[in-house]
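Student: One point on numbering: in this note's numbering, the residue at position 393 of the sequence shown is 455, and numbering is uninterrupted. Each residue gets a CB set at the ideal place from its N, CA and C atoms; glycine is no exception. Values in this document were obtained by computation on a predicted structure and should not be read as measured data.
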Amino acid sequence: MFELISDQGLLRLPLCGFHGGVVRFTFDHLSVASDQLDWKGTTTHGIASRDGIEFHIHTDSQGIRVLVRNTDSKPVRLKEITIEFAPDRLAAAPSAHDYMEYIHAAEFEQTCGTKRVGLPNRWMSAGVSSHMVYVLYHRTNRQAWLWSTLPPHAGDYVSFRALHEAPHLQGRFGIMIRCEIMATVLPGKDAATSTIQCRSGSDPLTLLNDVGKQWLGARSSPLKDTRLGWNSWDYFAGAVTSADVLQNAAMVRNVLAIKTPDIVIDDGWQMRWGSWIPNDNFAEGLDWLCHQIVRDGGIPGIWTAPLMVNCFSHLYQDHPDWFVRDGRGDIVNLRVSNGNCAVLDITHAQVRQLIREIFTRLKSHGFRTFKVDFTQMILKGDRFSDSTVPRGQLLRMTFQTIREAIGQESYLLACGAPYESVTGIVDAVRITGDVAIFWSHVLRDLSCIASRWWMHRALWNNDPDFLVVRSPEHSPNHSLGRQRHFKPADLGDWWWSGRQFNAREARTYAFLVLLSAGDILLSDHLPLLNDTGIEILRKVVNHRLSRAAVPLDLFDSHEGLPSVWLADEPTFQLIGLFNWEEDPRDFRLDLAQMGIPLPAQASSLWDNRPIPIDGASVQIRLEPRDCLGLYIPRAKPR
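Below is the structure:
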């Protein structure tokens, strides 16, 4: 619990021995720290005033919340509020050498995971911030501290990072909590941070799971079932046609026996970004296509990037006042896959009406699943029609507008939006970067799946991107004739890095998707897959999990990737073993320590062969880039 020392304007956090915390308020015209103000109140609520601004600090058993009220006659611009426990103010500051830190990226394009405090690893830089949740874990005494936001989201973006005493980042440290607001506060109005909590325990995985339960308990609408189906993008990209969609939908139904699949048309169906009407590849029209999908038992789905508008469109030319601008007042112009695009300003009333009309029309065609992409690009802007909207509220406003148009019954997937922006609004969230049939993409996405398991079936359904298995060994035309300019494997320059994955690596990736327990959207051209490729897909489809597997060794290593996963299901337990490295690896598992009742029987998920158990232990050797699923049925009650 945070406490306010009102006579000093400082915070303390007895749970972890932190003292001397300073709250810093940064405006366009003013920067002031809490220890520079005269406070009145108690340890749970303090009030101070200066220059026409009233400052409030609220603390209780839930956490801390900071509020600013404009008591002047003129608007003020609030940039951010930070809470800083500097190491030189701590009697016994923690040492970076002793701690692991859990880093959660703001959105899927950034990598997350665990590493030693103050050091970079293969995937993350030193000194990187964690968003929405942050964990410190002592490597020897097994004590963990967790900081996180709590529902409801207040429209700020909250990040956490270690605050180091020295530039080398390897000595003593404290913590900084930054709440980015970036909003104009009108006279008589407030701006506030989300509630921020601190918790402790001996198991960081339990602490993360408990945060998920807190968000689940605050939901106002029930979670929807996870989705299973097919998406056009990974194989066809922008070359997709209505015939391609229906051909693959038939395979999903007839070969993989998926009864009510989501059939999602991704980018390539529209005239151009900003003109959301079908092109010549869908000449029959969207009404016709949705009817065909529904007639065959499917659920029609569609991709859009609703805030992005091609700069050669009439919409861009006719309504320049509808777009986000930079600090100089120029329209933000971004080079993306569809060419130069501007970003619609969701704070403009006519833009919100346009978004409603687009999604109302798409729903009227028959679509019931909506994949919404590239909305995070609005954060590239500095100036908006309504400057009073906080930074984090921009995307909440976007997705709330979409939700109003498509109704609560439709399935809404956010792809790219920072996670805080969409809590309580969407049904699913993309948790990884773009997958591709390259091992480098698998490694890049692995840490994101491992780090976000606790969000699944709590905040939303996790979407691990597409399940693709079309290695050259599984499909004669695995790239639709597109030329690949291969380059050496490089963990830094990872996009399409190294060779395309082989059959073993494709199966390893498929197993990772299965353990995520999230939405499963196939995205190969299914008629071209051979029997081996189809069998991998069938195995995943037939063994879907009801909840995400837990990466048990997430906090065990600075450089290592999570290799031991445990899925707990009502009738069975599934242990996932992975060798992500380039040498063979031996595993020795103590089943009793993993909470698996003995005697137990185990078999391989992939080929059903028995796996010997010696007492309470299992010993396995895995080749590089390989996996094993240990399927352990629960004993039936007598």
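With H, G and I counted as helix, E and B as strand and the rest as coil, what does DSSP make of Arg546?
Tutor: Start at 1 with the first residue of the sequence shown, and residue 546 comes out as number 484. Correct three-state label for Arg546: coil.
Student: When you compare the CB positions of Asp252 and Leu129, do they come within less than 8 Å of one another, or not?
Tutor: Locating residue 252 in the sequence shown gives position 190, where the first residue counts as 1. Locating residue 129 in the sequence shown gives position 67, where the first residue counts as 1. Against a cut-off of 8 Å, the Cβ pair of Leu129 and Asp252 comes out as a contact.
Student: Can you tell me the Cβ-Cβ gap for Phe298 and Gly330, rounded? I've got them flagged as a contact below 8 Å.
Tutor: Looking up residue 298 in the sequence shown gives position 236. Looking up residue 330 in the sequence shown gives position 268. Correct: roughly 7 Å between the Cβ atoms.
Student: Under 8 Å by Cβ, that's how I've got Gly336 and Asp388 pegged, so tell me the actual separation to the nearest angstrom.
Tutor: If you number the sequence shown from 1, residue 336 lands on position 274. If you number the sequence shown from 1, residue 388 lands on position 326. Contact doesn't hold; Cβ gap of about 19 Å is too wide.
Student: Beta-carbon separation of Asp150 and Glu227 under 8 Å?
Tutor: As a working mapping, residue 150 is identified with position 88 in the sequence shown. As a working mapping, residue 227 is identified with position 165 in the sequence shown. Cβ distance < 8 Å, so Asp150 and Glu227 count as in contact.
Student: Rounded to whole angstroms, what is the Cα-Cα separation between Ile598 and Glu535?
Tutor: The count along the sequence shown starts at 1 and reaches residue 598 at position 536. The count along the sequence shown starts at 1 and reaches residue 535 at position 473. Taking the straight line from one Cα to the other gives about 13 Å.
Student: Between Glu169 and the rest of its own chain, which residues show a CB-CB distance below 7 Å, the 5 nearest in sequence each way excluded?
Tutor: Along the sequence shown, read from residue 1 onward, the residue named residue 169 stands at position 107. Within the same chain, Glu169 has close Cβ partners Gln438, Gly478, Ala479, Pro480, Tyr481.
Student: Can you tell me the Cα-Cα spacing of Trp338 and Ile393, whole angstroms?
Tutor: The residue you call residue 338 lines up with position 276 of the sequence shown. The residue you call residue 393 lines up with position 331 of the sequence shown. C-alpha separation (whole angstroms): 21 Å.
Student: For Leu308, tell me which candidate among Gly360, Arg127, Gln455 has the shortest Cα-Cα distance.
Tutor: Counting from one through the sequence shown, the residue named residue 308 turns up at place 246. Answer by Cα proximity: Gly360.
Student: For Asn271, which residues from the same chain have a beta carbon less than 6 Å from its beta carbon, with the 5 sequence-adjacent residues on both sides left out?
Tutor: The residue labelled residue 271 in the question sits at position 209 within the sequence shown. Contacts found: Trp516.
Student: Decide if His215 is buried, meaning its Cβ has at least 16 other Cβ atoms within 10 Å, or exposed.
Tutor: For the purposes of this step, residue 215 is identified with residue 153 of the sequence shown, where counting begins at 1. With 16 or more Cβ atoms within 10 Å of its Cβ, His215 is classed as buried.
Student: Measure the beta-carbon distance from Leu588 to Val314 and round it to whole angstroms, keeping in mind my assumption that it falls under 8 Å.
Tutor: Residue 588 sits at position 526 when you count from the first residue of the sequence shown. Residue 314 sits at position 252 when you count from the first residue of the sequence shown. Rounded, the Cβ-Cβ distance is 7 Å, consistent with contact.
Student: How many Å lie between Trp522 and Tyr473 at the Cα?
Tutor: Translated into positions along the sequence shown, residue 522 becomes position 460. Translated into positions along the sequence shown, residue 473 becomes position 411. Distance between the alpha carbons of Trp522 and Tyr473 is about 11 Å.
Student: Quick check: the Cα distance between Ser541 and Val302, rounded to an integer number of angstroms?
Tutor: Within the sequence shown, numbered from 1, the residue matching residue 541 stands at position 479. Within the sequence shown, numbered from 1, the residue matching residue 302 stands at position 240. C-alpha separation (whole angstroms): 13 Å.
Student: Report yes if the C-beta distance between Thr246 and Thr88 is below 8 Å; otherwise report no.
Tutor: Your numbering for residue 246 matches position 184 in the sequence shown. Your numbering for residue 88 matches position 26 in the sequence shown. For Thr246 and Thr88, no; Cβs fall outside 8 Å.
Student: Does DSSP classify Leu278 as helix, strand or coil?
Tutor: To locate residue 278, count along the sequence shown from 1; it is residue 216. The answer is helix: DSSP assigns Leu278 an H, G or I state.
Student: Since His518 sits in a beta bridge, which residues does DSSP pair it with?
Tutor: In the sequence shown, residue 518 corresponds to position 456, counting from 1. Note: His518 sits in a beta bridge opposite Trp522.
Student: Mapping DSSP to helix, strand and coil, what is Cys373?
Tutor: Here residue 373 refers to the residue found at position 311 when the sequence shown is read from its first residue. Three-state result, Cys373: coil.
Student: Mind checking whether Phe421 and Phe436 have CB atoms under 8 Å apart?
Tutor: One-based indexing of the sequence shown puts residue 421 at position 359. One-based indexing of the sequence shown puts residue 436 at position 374. Their beta carbons are not under 8 Å apart, which means Phe421 does not touch Phe436 by this criterion.
Student: Do Thr121 and Met63 come within 8 Å of each other at the CB atom, strictly closer than that value?
Tutor: For the purposes of this step, residue 63 is taken as residue 1 along the sequence shown, with counting starting at 1. For the purposes of this step, residue 121 is taken as residue 59 along the sequence shown, with counting starting at 1. Cβ atoms of Met63 and Thr121: closer than 8 Å.
Student: Measuring straight from C-alpha to C-alpha, what distance separates Glu419 and Asn343?
Tutor: Here residue 419 corresponds to residue number 357 of the sequence shown, with the count starting at 1. Here residue 343 corresponds to residue number 281 of the sequence shown, with the count starting at 1. Each residue's Cα considered, the two are about 23 Å apart.
Student: Only counting the same chain, and skipping five residues up and downstream in sequence, which positions put a Cβ closer than 7 Å to that of Asp97?
Tutor: Counted from its first residue, the sequence shown places residue 97 at position 35. The answer, listed in chain order, is Gln70, Gly71, Leu72, Val84.
Student: Give the DSSP bridge partners of Gly691, in chain order.
Tutor: Position 629 of the sequence shown, counted from the first residue, corresponds to residue 691. Gly691 pairs with Gly638.
Student: DSSP beta-bridge partners for Tyr771?
Tutor: Since the first and last residues shown for the chain are 63 and 700, residue 771 lies out of range.
Student: Starting from Leu577, trace the alpha helix (DSSP H) in both directions and tell me its first and last residue.
Tutor: The count along the sequence shown starts at 1 and reaches residue 577 at position 515. 565-578 is the extent of the alpha helix (DSSP H) around Leu577.
Student: Just the Cα atoms here: how many angstroms apart are Arg700 and Phe147?
Tutor: Here residue 700 is taken as the residue at index 638 of the sequence shown, counted from 1. Here residue 147 is taken as the residue at index 85 of the sequence shown, counted from 1. Caution applies to Arg700, whose pLDDT of 45 falls short of 50 and renders its modelled position unreliable; the model cannot decide the point.
Student: What are the start and end residues of the alpha helix (DSSP H) that includes Leu351?
Tutor: On the sequence shown, position 289 is the one that residue 351 refers to. That run of the alpha helix (DSSP H) goes 348-357.
Student: Establish whether the CB of Ser541 and some CB of chain D are separated by less than 8 Å.
Tutor: The displayed structure is made up of one protein chain only, and chain D is not part of it.
Student: Are Val326 and Gly274 close, meaning C-beta to C-beta below 8 Å?
Tutor: Here the question's residue 326 lines up with position 264 in the sequence shown. Here the question's residue 274 lines up with position 212 in the sequence shown. The answer is no: Cβ separation not under 8 Å.
Student: Which of helix, strand or coil does DSSP assign to Gln124?
Tutor: The residue labelled residue 124 in the question sits at position 62 within the sequence shown. Gln124: coil per DSSP, three-state reduction.
Student: Suppose contacts are defined by Cβ-Cβ distances below 8 Å. Is Leu614 in contact with Leu628 by that definition?
Tutor: On the sequence shown, position 552 is the one that residue 614 refers to. On the sequence shown, position 566 is the one that residue 628 refers to. Closer than 8 Å, so yes.
Student: Based on Cα-Cα distance, which residue from Val497, His518, Gln205 lies nearest to Arg532?
Tutor: Within the sequence shown, residue 532 is the residue found at index 470, counting from 1. Nearest option by C-alpha distance: Val497.
Student: Give a yes or no on contact between the region 398-414 and the region 452-469, applying the rule of three or more CB pairs nearer than 8 Å.
Tutor: Yes, the region 398-414 touches the region 452-469.
Student: Going by C-alpha to C-alpha distance, which of Ala319, Met459, Leu369, Phe80 sits closest to Asp358?
Tutor: As a first step, residue 358 is located in the sequence shown; it is residue number 296 there, counting from the start. Per the Cα distances, Ala319.
Student: Based on the DSSP secondary-structure assignment, which residues constitute the bridge partners of Ala654?
Tutor: Locating residue 654 in the sequence shown gives position 592, where the first residue counts as 1. Beta-bridge pairing links Ala654 to no other residue.
Student: What is the rounded straight-line gap between the Cα of Leu475 and the Cα of Asp676?
Tutor: Here residue 475 refers to the residue found at position 413 of the sequence shown. Here residue 676 refers to the residue found at position 614 of the sequence shown. Leu475 and Asp676: Cα-Cα distance of roughly 45 Å.
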